[in-house]
Amino acid sequence: MRTTQLYAPTLRETPAEAEVMSHQLLLRAGMIRKAAGGVYTYLPLAWRVLRKIETIIREEMDVAGGQELSMPIIQPAELWHETGRWDIFGEEMFRLKDRHDRSFCLGPTHEEMITSLIRNEVRSYRQLPLLLYQIQNKYRDEIRPRFGLMRGREFIMKDLYSFDKDEAGLDVSYKKMYDAYTNIFTRCGLVFRPVEADGGSIGGGFTHEFTVLADSGESEIVYCSKCDYAANVEKAELKASVQENIAEELPLKLVDTPDMKTIEAVTDFMGMDSTQSIKAVAFQNEKDEVILAFVRGDHDVNDVKLQNAVGAVTLRMADEAAIKAVGGVPGFMSPIGLTKDAKVVVDLSVMEMTNAIGGANQIDKHYCNMNPKRDFTDYLVTDLRLMCEGDPCPHCGAPVKMTRGIEAGQVFKLGTKYSESLKATFLDENGREKPLVMGCYGIGVSRTMAAAIEQNNDEYGIVWPAAIAPYQVVVIPVNAKNTEQFSIAETLYQELQAAKVEVVLDDRKERAGVKFKDADLIGYPIRITVGPKSVEEDSIEIKIRRSGEVFTYGKVDYLENVLSMLRNL
RNA sequence: CGGGGCAUGGCUCAGUUUGGUAGAGCACCUGGCUUGGGACCAGGGGGUCGCAGGUUCGAAUCCUGCUGCUCCGACCA
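According to the UniProt record's numbering, the first sequence holds residues 1 to 569 in order.
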């Protein structure tokens with residue numbers, strides 16, 4: 001490809017709307033343009049990257065026994081009514097009606113579609129397992145699309161759905177996908193971790209997220225400093241510690257704490273540490289029932305754990321009226337002295353506390369010497385808090401570390417949730433009718449491209465891993481007027497093409513600086529510079545984008561060196 | 001959904017407070033000059049100032065309504 005032909009309008013300045021690095025660089029490198037909030041056109045360079053990622057995915061899916069198909073993006077409402085997700089998805093689903101007033105949606109995902117497809121065709125265990133996948137646009141009407149391709153309303157997803165006759169079969173399919181994903185992200189040249197995660201609303205149980213590590217990532221993960229445990233903080237389990245409390249339990253005492261509604265105010269006033277206080281957080285579920293969560297003052301409530309613990313569909317912060325209705329006093333809440341309407345959930349670590357301070361459910365008053373085991377009544381104890389750096393690993397007990405990342409893929413054991421609601425059954429070896437056991441495995445393709453940039457960039461632009469770079473090499477003749485340089489560049493260009501290298505020749509009549517800036521911005525892994533020395537001394541300059549290293553070779557041996565560099569990038 | 005902010009040429013923005021008929025830099029076109037890190041000089045093209053009303057002799061500027069974009073929040077009582 002010649003730059004004069006390439007449609008990649010680069011920008012010198014960063015458009016105001018772009019906040020995160022990948023968004024800025026995708027715009028500046030002439031790779032994407034916005035069509036509407038969260039909806040983008042992929043220009044040629046971006047499309048090449050996406051196709052490369054897709055190719056890697058296809059190869060690994062096929063090796064794992066997957067078969068690719070294509071399903072409708074426009075999906076009839078009836079299917080979604082069958083699983084109840086027409087309502088559950090709510091505002092997040094793009095809906096439309098046809099001329100006959102029939103309801104449809106733009107598929108946010110394809111569990112319904114795929115399950116309805118095979119429920120009529122798969123009748124026997126002999127036809128299983130079945131692994132089908134698609135790579136297509138999906139649609140979610142996000143409340144707040146942002147971060148460019150990271151959280152769009154239209155995005156490219158690969159989804160594979162597995163159908164097995166039993167749990168054992170699902171385990172095999174799951175393992176295949178887990179391994180395939182490990183291969184995919186490794187081949188893409190990304191630093192990532194598979195982490196244990198919460199199932200969320202897709203329903204089902206066991207799941208791993210494949211998280212591309214990047215400080216700008218939206219998900220927070222913990223990983224063990226010793227063993228291979230890694231989990232999303234939402235999921236990370238904390239076990240009851242076996243510490244022995246020697247402190248003697250003192251009698252409960254009411255103290256005045258005028259206008260001290262925060263942990264900090266109270267503990268400062270009392271000369272205590274926040275670890276000695278009990279923090280209350282009030283929620284309401286979808287039925288408007290009040291749920292009061294209690295954690296240690298220095299801890300934070302993990303609302304996913306809380307949601308699971310109380311079986312809530314949704315949770316939101318409780319309003320003041322609701323708190324008062326159950327006998328709570330905002331700012332001074334505790335499990336002591338509530339009316340019975342509230343569900344009280346207490347974190348494990350709170351139960352280990354002695355002589356703690358907490359609210360009294362009276363205005364401007366707290367209790368000292370609160371001993372949960374003695375003083376609390378009618379409550380549920382569970383693991384409720386967010387894990388912090390240094391907390392013990394649930395597997396080996398070593399302190400955990402935290403980092404951030406971008407969730408690029410997820411493997412999920414669905415079980416029979418969809419096959420039951422959609423009546424997708426088969427006959428097993430004993431002639432008994434059973435629901436198919438399903439799994440779903442997604443990769444955000446467009447998001448993976450953005451994640452790759454978040455993880456691989458510097459002050460000059462993108463630094464593509466070679467496997468997914470739009471082109472591997474750019475050839476730049478330095479002096480636009482020098483026909484000898486151009487002619488040498490042209491020869492190198494031809495030779496590289498003949499050697500099956502994806503190469504761009506920057507044949508623009510621009511000054512060297514412009515070409516260098518664009519090359520850095522677009523992030524070609526290797527830059528070949530043709531300058532005066534190439535004419536006079538037969539030397540070819542090769543610069544590695546990532547390391548900045550510069551090598552000089554002759555016209556006869558540059559090619560083999562480029563090829564070997566590409567293999568190692 | 002709540003609260004900010006913004007909307008002026010392809011991009012980044014000034015001009016709005018105090019109404020007087022639209023500007024800069026970059027980009028683009030022409031010519032010259034330059035050529036190893038986003039040059040320079042000269043000339044040129046391009047904007048119903050988001051949309052719809054209103055006030056006024058006169059509106060980018062003031063008023064009303066709408067739309068779009070964007071940021072923060074929607075967790076520690």
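Think of the CB as a built atom: it goes at the ideal place given N, C-alpha and C, for glycine as much as any other residue.
Expressed to the nearest angstrom, what Euclidean distance is found between the alpha-carbon atoms of residue i and residue j?
{"i": "Ile406", "j": "Ser241", "result": "31 Å"}
{"i": "Ala59", "j": "Thr491", "result": "Sequence inspection shows Glu at residue 59; the Ala mentioned does not correspond to that position. C-alpha separation (whole angstroms): 34 Å."}
{"i": "Thr339", "j": "Asp364", "result": "19 Å"}
{"i": "Gly331", "j": "Met260", "result": "7 Å"}
{"i": "Ser564", "j": "His81", "result": "56 Å"}
{"i": "Tyr379", "j": "Val400", "result": "29 Å"}
{"i": "Leu348", "j": "Lys226", "result": "24 Å"}
{"i": "Arg140", "j": "Phe269", "result": "49 Å"}
{"i": "Lys253", "j": "Ala356", "result": "11 Å"}
{"i": "Glu78", "j": "Phe104", "result": "8 Å"}
{"i": "Lys555", "j": "Asp538", "result": "6 Å"}
{"i": "Phe486", "j": "Leu149", "result": "37 Å"}
{"i": "Gln24", "j": "Val463", "result": "14 Å"}
{"i": "Val191", "j": "Ala322", "result": "46 Å"}
{"i": "Leu213", "j": "Arg404", "result": "6 Å"}
{"i": "Ala16", "j": "Glu495", "result": "41 Å"}
{"i": "Leu132", "j": "Asp506", "result": "42 Å"}
{"i": "Arg33", "j": "Leu11", "result": "11 Å"}
{"i": "Gly271", "j": "Leu315", "result": "34 Å"}
{"i": "Cys393", "j": "Asp557", "result": "53 Å"}
{"i": "Trp47", "j": "Tyr7", "result": "12 Å"}
{"i": "Tyr493", "j": "Tyr471", "result": "13 Å"}
{"i": "Pro9", "j": "Ile56", "result": "27 Å"}
Check residue i in the structure and name its three-state DSSP category.
{"i": "Lys343", "result": "strand"}
{"i": "Leu427", "result": "strand"}
{"i": "Arg447", "result": "helix"}
{"i": "Gln136", "result": "strand"}
{"i": "Ser277", "result": "strand"}
{"i": "Val63", "result": "helix"}
{"i": "Leu559", "result": "helix"}
{"i": "Val474", "result": "strand"}
{"i": "Ala489", "result": "helix"}
Near residue i, which residues of its chain fall below 6 Å by C-beta distance, leaving aside the five closest residues on each side in sequence?
{"i": "Ala424", "result": "Thr115, Arg119 and Leu436"}
{"i": "residue 593", "result": "Past the boundaries of the shown model lies residue 593; the chain is included only from 1 to 569, so the question cannot be answered."}
Compare the beta carbon distance of residue i and residue j with 9 Å and say whether it is the shorter of the two.
{"i": "Asp391", "j": "Val222", "result": "yes"}
{"i": "Gly297", "j": "Gln284", "result": "no"}
{"i": "Val503", "j": "Val550", "result": "no"}
{"i": "Glu289", "j": "Met402", "result": "no"}
{"i": "Glu154", "j": "Met387", "result": "no"}
{"i": "Ile468", "j": "Val49", "result": "yes"}
{"i": "Pro145", "j": "Gly37", "result": "yes"}
{"i": "Phe147", "j": "Ala450", "result": "yes"}
{"i": "Ser421", "j": "Thr83", "result": "yes"}
{"i": "Lys305", "j": "Leu384", "result": "yes"}
{"i": "Met351", "j": "Val381", "result": "yes"}
{"i": "Met157", "j": "Gly439", "result": "no"}
{"i": "Tyr418", "j": "Glu111", "result": "yes"}
{"i": "Gly409", "j": "Asn456", "result": "no"}
{"i": "Val411", "j": "Tyr42", "result": "no"}
{"i": "Ala325", "j": "Asp341", "result": "yes"}
{"i": "Asn361", "j": "Ser334", "result": "yes"}
{"i": "Asn430", "j": "Glu249", "result": "no"}
{"i": "Leu569", "j": "Ile540", "result": "no"}
{"i": "Phe185", "j": "Thr448", "result": "yes"}
{"i": "Pro194", "j": "Asp164", "result": "no"}
{"i": "Leu292", "j": "Gly328", "result": "yes"}
{"i": "residue 574", "j": "Val255", "result": "Residue 574 lies beyond the range of the chain shown here (1 to 569); nothing can be said about it."}
Take residue i and list the residues in its own chain whose beta-carbon comes closer than 7 Å to its own, dropping the five residues that flank it on each side.
{"i": "Lys235", "result": "Glu196, Ala197 and Asp198"}
{"i": "Lys138", "result": "Gly107, Pro108, Thr109, Phe155 and Met157"}
{"i": "Met21", "result": "Ser216, Ile453, Glu454 and Asn457"}
{"i": "Thr14", "result": "Gln24 and Arg28"}
{"i": "Thr4", "result": "Asp507 and Arg508"}
What I want to know is whether the C-beta of residue i ends up closer than 8 Å to one or more non-hydrogen atoms of the ligand COA.
{"i": "Asn371", "result": "This structure lacks the ligand COA; in fact it carries no ligand of any kind."}
Once the 5 residues before and after residue i are set aside, which same chain residues still bring their CB inside 8 Å of it?
{"i": "Leu427", "result": "Arg123, Ser124, Tyr125, Glu433 and Lys434"}
{"i": "Glu484", "result": "Val535"}
{"i": "Glu264", "result": "Ser274"}
{"i": "Glu142", "result": "Gly38, Glu92, Arg151, Gly152 and Arg153"}
{"i": "Leu170", "result": "Ser162, Asp164, Lys413, Gly415, Val437, Met438 and Gly439"}
* **Cβ contact check for the segment 29-37 and the segment 530-541: 3 or more pairs under 8 Å** => With the cut-off at 8 Å, the segment 29-37 and the segment 530-541 do not touch.
* Would the segment 475-486 and the segment 507-514 be scored as touching if the rule is three or more Cβ pairs under 8 Å? -> Per the Cβ contact rule, the segment 475-486 is in contact with the segment 507-514 (3 or more Cβ pairs under 8 Å).
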